């Protein structure tokens with residue numbers, strides 16, 4: 001059974017690494033790699049594999065998420081999405097030596113926390129379709145070691161407190 005997989009935030013780092021590794025598996029029939037801007041994702045767009053579909057999606061935009069789900073749905077039809085890997089994230093550092101504004105930290109929470117829930121909800125019907133056909137579907141939410149209070153103790157990570165809290 002060939003699986004359909006969605007990896008969000010696939011333009012670099014861990015997301016790009018996941019795409020490369022997943023494409024080594026013959027079990028993956030279609031791999032949807034999301035990125036905010038495919039034109040600024042050369043490492044992703046250079047991958048030549050007919051199973052790879054690059055999907056434009058900004059995890060901070062409900063409209064963009066909806067369009068991405070529609071694009072994936074056109075490819076998978078009634079077979080749905082077997083695996084959703086929520087990897088998209090953002091790290092916006094905050095200078096806490098200056099007066100703090102709520103907006104300074106909000107982007108970390110909007111993308112790293114809220115968007116994960118919104119993306120999962122948006123793909124729910126496709127995940128349910130795969131579960132109905134194959135007995136199950138899976139969701140993996142990628143976190144970060146910087147989300148660990150123990151590992152980020154001290155002042156070395158002071159400017160990314162909002163990011164750490166969001167992970």
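Residue numbers (UniProt numbering): 1 to 167.
Beta carbons: idealized from backbone N, C-alpha and C, even for Gly.
Everything numeric in this text was worked out from a predicted model, so none of it was measured.
Backbone secondary structure at residue i - three-state DSSP
i, result
"residue 3", "strand"
"residue 15", "helix"
"residue 47", "coil"
"residue 109", "helix"
"residue 53", "strand"
"residue 140", "strand"
"residue 31", "strand"
"residue 90", "coil"
"residue 77", "helix"
"residue 116", "helix"
"residue 59", "coil"
"residue 97", "coil"
"residue 10", "coil"
Cβ-based neighbour list, residue i, same chain, cut-off 7 Å, excluding 5 preceding and 5 following
i, result
"residue 30", "4, 51, 53, 75 and 76"
"residue 60", "110, 111 and 115"
"residue 72", "6, 32, 55, 81 and 126"
"residue 141", "86 and 116"
Alpha helix (DSSP H) segment containing residue i, residue limits
i, result
"residue 39", "Taken as a continuous stretch (DSSP letters only), residue 39 belongs to no alpha helix (DSSP H), as it is neither H nor E."
"residue 26", "Where residue 26 is concerned, there is no enclosing alpha helix (DSSP H), given that its DSSP letter is neither H nor E."
"residue 132", "124 to 134"
Sequence-distant residues of its chain with Cβ nearer than 6 Å to residue i (five each side left out)
i, result
"residue 82", "3, 4, 130 and 137"
"residue 56", "38"
Burial state of residue i (16 or more Cβ within 10 Å)
i, result
"residue 117", "exposed"
"residue 48", "exposed"
"residue 11", "buried"
"residue 135", "exposed"
"residue 122", "buried"
"residue 79", "buried"
"residue 89", "buried"
"residue 9", "buried"
Residue i, enclosing beta strand (DSSP E) - first and last residue
i, result
"residue 84", "83 to 86"
Close Cβ partners of residue i (< 8 Å) along its chain, the five nearest in sequence each way excluded
i, result
"residue 22", "5, 7, 28 and 31"
"residue 133", "78, 79 and 80"
At least 3 beta-carbon pairs within less than 8 Å: the region 93 to 111 vs the region 30 to 44 = With the cut-off at 8 Å, the region 93 to 111 and the region 30 to 44 do not touch.
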